Structure formats: C-alpha cells, structure tokens
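Only one structure is covered here, and it is reproduced in the block below.
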Amino acid sequence: MSVKSKIFSAMKQIAEEQKVTLPPLEDDLPLNETGFDSLAFAILVARLEDELGIDPFTVAEDAAFPSTLGEFVRAYENVPA
Amino acid sequence: MRNVLVTGGSRGIGIAIARRLAASGDYNVVAVARRESRELAAAIRQAQRRLHFRACDLAATDAIPVFAKSVRDEFGTIYGLVNNAGIGTDGLLATMHNSEIEALIRLNVLAPIILTKYVARHMMADGLGRIVNISSIVASTGYSGLSVYAASKAAVAGFTRSLAREVGRVGITVNAIAPGFIDTELTRSLNDEGRRRITGRSALRRLPEADDVASMVEYLLGEGGRNITGTVVTVDAGNTA
Numbered sequence: 032m033s034v035k036s037k038i039f040s041a042m043k044q045i046a047e048e049q050k051v052t053l054p055p056l057e058d059d060l061p062l063n064e065t066g067f068d069s070l071a072f073a074i075l076v077a078r079l080e081d082e083l084g085i086d087p088f089t090v091a092e093d094a095a096f097p098s099t100l101g102e103f104v105r106a107y108e109n110v111p112a
Numbered sequence: 006m007r008n009v010l011v012t013g014g015s016r017g018i019g020i021a022i023a024r025r026l027a028a029s030g031d032y033n034v035v036a037v038a039r040r041e042s043r044e045l046a047a048a049i050r051q052a053q054r055r056l057h058f059r060a061c062d063l064a065a066t067d068a069i070p071v072f073a074k075s076v077r078d079e080f081g082t083i084y085g086l087v088n089n090a091g092i093g094t095d096g097l098l099a100t101m102h103n104s105e106i107e108a109l110i111r112l113n114v115l116a117p118i119i120l121t122k123y124v125a126r127h128m129m130a131d132g133l134g135r136i137v138n139i140s141s142i143v144a145s146t147g148y149s150g151l152s153v154y155a156a157s158k159a160a161v162a163g164f165t166r167s168l169a170r171e172v173g174r175v176g177i178t179v180n181a182i183a184p185g186f187i188d189t190e191l192t193r194s195l196n197d198e199g200r201r202r203i204t205g206r207s208a209l210r211r212l213p214e215a216d217d218v219a220s221m222v223e224y225l226l227g228e229g230g231r232n233i234t235g236t237v238v239t240v241d242a243g244n245t246a
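Protein sequence lines correspond, in order, to chains A and B.
Quick note on this note's numbering: the first sequence kicks off at 32 and runs consecutively.
Quick note on this note's numbering: the second sequence kicks off at 6 and runs consecutively.
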C-alpha cells in the first residue's frame with residue numbers, strides 16, 4: 032500500500048471514530064475543509080507515526096503545518112528513510 | 006499490565022511513586038532518570054520485572070521524541086505518564102545565575118511539556134490515558150528563595166488545567182499534585198529550624214512523606230480517578246489549610 036493510501040485509510044478510520052463526514056479526498060482539498068479538528072489531526076499524526084515509523088513534523092526545521100491534503104501527503108513521502 | 010512512565014524515577018518522590026505502582030501489581034513501571042541510583046537498582050530487583058530503568062536526560066529536549074518512541078516500541082502502549090522530574094535550585098533571584106534559571110525552567114517546564122506532547126498524542130490515538138504532573142504548594146503560596154522554582158510549578162499547574170480541556174474528549178485525564186515540603190534530596194537545603202517552622206504551621210503538625218504523594222498518584226491512575234481531571238490535589242499535611 033502506498034504512503035498516500037495508508038494516510039487516506041487512517042483518515043477514514045479516524046473520521047468514523049470521531050463521527051466526521053469526510054469530503055472526497057483530493058490533493059487540493061484544504062485541510063481545514065476535511066472536517067478534521069486539531070485533535071483529529073493529532074490522532075492522525077500519532078497513528079501514522081506508528082504505522083510508517085516517521086513524524087515529518089518533528090523532523091522538519093520550520094513549524095509550518097501543511098495547508099492542503101496534497102502537501103500533507105508529500106510531507107510523508109519526502110521524509111528521508 | 007498497564008505501562009506507566011515515571012520521570013525522575015531514581016530518587017525522592019519519583020522512586021516512591023515507581024515503587025508503589027510496581028508493588029500494586031497493576032502496572033509495569035518505567036522509571037526514567039539520567040542515571041540508575043543504587044536505590045532504584047535495589048527496588049528493581051525486588052519488583053519482579055514490573056519496574057524498569059531507562060536512561061534519558063530530559064533536559065536534552067531534542068532527544069525526547071526519539072526516547073518516547075523507543076519506550077513505546079519496547080513496552081507498547083503507555084497508559085500513564087507521571088511528570089515528576091525536576092530540580093529545586095534555591096537562591097535569591099537577584100543573585101541566581103541566569104544559566105541556573107534557564108536550566109530550572111528547561112527541566113521543570115519545557116521537558117515535561119515536550120515529553121507529554123509525544124506521549125499524549127499516542128494516548129489520544131489509543132483513546133485512553135492518565136497524566137499526572139507534580140507541581141508544588143509553592144505554585145500558589147510564597148516562599149522566599151524559591152521564586153523561579155515556584156514559577157516553574159505554577160506553569161505545571163496551568164499546563165495541567167488547559168491540557169485537561171484539550172484531551173478530555175478522547176478519554177485522557179490530566180491532573181497535578183501539589184506536595185508540601187517533603188524530606189528529599191531536593192529539599193535538603195532547608196535547615197532544621199525551617200523544617201520546624203513548616204511543621205508547626207501544618208494542621209497535622211508533621212511533614213508529608215514521598216509515599217503520600219505516591220498514594221495520590223496511584224489513586225489518580227486507578228478506577229477512583231476516572232472522573233477527576235484538570236485539578237490540582239494538595240498533599241501537604243495541612244500546611245496551606
């Protein structure tokens with residue numbers, strides 16, 4: 032399974048747990064329109080750290096969080112192993 | 006068996022907490038400190054594999070994410086986090102060295118906040134967890150020579166209340182304990198006269214002990230603590246009553 036599909040499936044699971052209805056997951060979807068609040072994103076980052084073994088936002092030099100879903104996925108794809 | 010991380014677990018209040026939780030039979034305890042004290046090594050031998058030591062210098066905050074991950078990888082889900090590690094450098098503010106002020110704030114405030122960040126978000130993902138922060142009665146009273154320490158402990162109390170609001174929805178409780186003066190290495194600078202004065206001012210005419218704090222931690226982690234969050238529990242033999 033690709034990183035992208037792992038992220039999407041984790042999001043779908045959290046959406047179900049948090050009773051959030053996700054819009055269609057497209058690259059240019061702004062994160063603040065996913066229906067996820069900051070708590071849901073924190074859970075997502077923690078689950079992905081377990082599944083992928085990485086947390087790109089701790090490794091990153093700057094404190095900026097991505098603004099679209101595509102940027103979020105790329106943050107995980109671009110982490111050096 | 007539920008995993009509990011106790012920072013500053015090699016001495017003082019921390020080892021009392023680690024020992025009590027391990028002895029309860031309900032928890033697998035990981036005591037965190039820079040070095041394993043002889044006292045902790047002895048406690049580990051008696052604890053029938055329910056007490057472990059893992060080294061970490063929490064003042065090196067950059068290393069905390071990796072440390073948190075290594076504990077999780079080795080032991081599994083963390084149920085409880087007890088932020089107890091701290092230093093109690095005393096001195097008049099006017100003459101305290103800036104490096105001492107910074108080191109105190111780093112270990113007593115920055116380190117527990119960052120460790121909590123990396124432990125709590127997995128608790129969030131698991132939908133379960135208990136966090137106990139060790140504050141102090143000095144956070145809300147006053148004691149000459151402890152202004153910086155008091156600031157750090159007040160920070161811990163404020164952190165506790167707001168974090169409790171943040172993570173309550175996912176089933177995590179966050180509380181603080183405010184001990185009074187307890188005889189440990191941290192308070193050894195207090196002389197006999199000071200100790201007598203504090204004892205005399207306490208409703209119960211005695212000082213609380215490290216194990217009294219450990220009992221409160223055990224309570225907050227247990228069934229009795231399930232609906233207690235965002236509060237500061239005072240354990241001071243009535244010193245501030």
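Glycine is no exception: its CB is placed at the ideal position from the N, C-alpha and C atoms.
Note that the structure is predicted; figures quoted are calculated from it, not measured.
- prompt: How should Ser140(B) be labelled, buried or exposed, when 16 other C-beta atoms within 10 angstroms of its C-beta is the threshold for buried?
  reply: buried
- request: Can you give me the Cβ contacts of Val247(B) inside the same chain, cut-off strictly under 8 Å, excluding the 5 residues immediately before and after it?
  value: In the structure as shown, chain B starts at 6 and stops at 246, and residue 247(B) therefore has no counterpart that could be examined.
Boundaries (first-last residue) of the beta strand (DSSP E) holding Tyr84(B): Ile83 to Asn88
- prompt: the region 57 to 79 of chain A: which residues have C-beta closer than 7 Å to a C-beta of chain B, in chain order?
  reply: Leu70, Ala73, Ile74, Val76, Ala77 and Arg78
Alpha-carbon spacing of Ala159(B) relative to Asn113(B), whole angstroms: 10 Å
query: Rounded C-beta distance between Tyr5(B) and Arg200(B)? I'm assuming under 8 Å.
result: Any question about residue 5(B) goes unanswered here, given that chain B covers just 6 to 246.
query: Per DSSP, what kind of secondary structure is Val143(B) in: helix, strand or coil?
result: For Val143(B), the secondary structure class from DSSP, reduced to helix, strand or coil, is helix.
- prompt: Residue range of the beta strand (DSSP E) that Thr178(B) falls in?
  reply: Ile177 to Pro184 is the extent of the beta strand (DSSP E) around Thr178(B).
- request: Decide if Asn138(B) is buried, meaning its Cβ has at least 16 other Cβ atoms within 10 Å, or exposed.
  value: buried
field: Simplified DSSP state of Gly101(A), which is helix, strand or coil
entry: helix
- prompt: What is the DSSP secondary structure of Ile118(B), counted as helix, strand or coil?
  reply: helix
Residue-chain proximity (Asp81(A), chain B), Cβ-Cβ < 9 Å: Answer yes: the Cβ-Cβ gap between Asp81(A) and chain B drops below 9 Å somewhere.
Members of the region 65 to 77 of chain B that neighbour chain A once the beta carbon cut-off is set at 7 Å: Of all residues in the region 65 to 77 of chain B, only Pro70 come within less than 7 Å of chain A when Cβ atoms are compared, listed by chain position.
task: Using the DSSP secondary-structure output, state which residues sit across from His57(B) in a beta bridge.
output: Val35(B)
message: Less than 9 Å between the beta carbons of Ile142(B) and Asp241(B), yes or no?
response: For the pair Ile142(B) and Asp241(B), the CB atoms are nearer than the 9 Å cut-off.
- prompt: Under a Cβ-count criterion, where at least 16 other Cβ atoms within 10 Å of its own Cβ denotes burial, should Leu97(B) be classed as buried or exposed?
  reply: exposed
- request: Can you pull the chain B residues whose beta carbon is under 7 Å from the beta carbon of Thr89(A), in chain order?
  value: Pro70
message: Could you check whether the Cβ of Arg126(B) sits closer than 9 Å to any Cβ belonging to chain A?
response: yes
- prompt: What does DSSP give as the partner residues of Gly93(B) in its beta bridges?
  reply: Answer by DSSP bridge pairing: none, since Gly93(B) is not bridged.
- request: Answer yes or no: does any C-beta atom of chain A fall closer than 9 Å to that of Glu171(B)?
  value: yes
- prompt: If you draw a straight line from the alpha carbon of Ala144(B) to that of Phe103(A), how long is it in whole angstroms?
  reply: 41 Å
- prompt: Quick one: Cα of Val71(B) to Cα of Ile118(B), how far?
  reply: 15 Å
field: Local Cβ density within 10 Å of Val124(B), reported as buried at 16 or more and exposed below that
entry: buried
- prompt: Relative to chain A, which residues along the region 112 to 141 of chain B have a C-beta separation below 7 Å, given in chain order?
  reply: Arg126, His127, Met129 and Ala130
message: Taking its Cβ as the centre, do 16 or more other Cβ atoms sit within 10 Å of Leu45(B), making it buried, or is it exposed?
response: buried
- request: Would you mind working out which of Val179(B), Ala155(B), Tyr154(B) and Gly173(B) sits nearest Phe164(B), comparing C-alpha positions?
  value: Val179(B)
- prompt: What does Val175(B) reach in chain A if we use C-beta pairs closer than 7 Å?
  reply: Leu70
message: Would you say Glu48(A) lies against chain B (beta-carbon separation less than 9 Å)?
response: With 9 Å as the cut-off, Glu48(A) counts as an interface residue toward chain B.
task: Assign Arg111(B) to one of three DSSP states: helix, strand, or coil.
output: helix
- prompt: At what residues does the beta strand (DSSP E) containing Arg7(B) begin and finish?
  reply: Arg7 to Thr12
query: Considering only residues of the same chain and omitting the five flanking positions on each side of Arg105(A), which have a CB-CB separation below 7 Å?
result: none
- request: Starting from the C-beta of Ala52(B), find all residues in its chain whose C-beta is less than 6 Å away, skip the five residues before and the five after it, and write them out in chain order.
  value: Ala27
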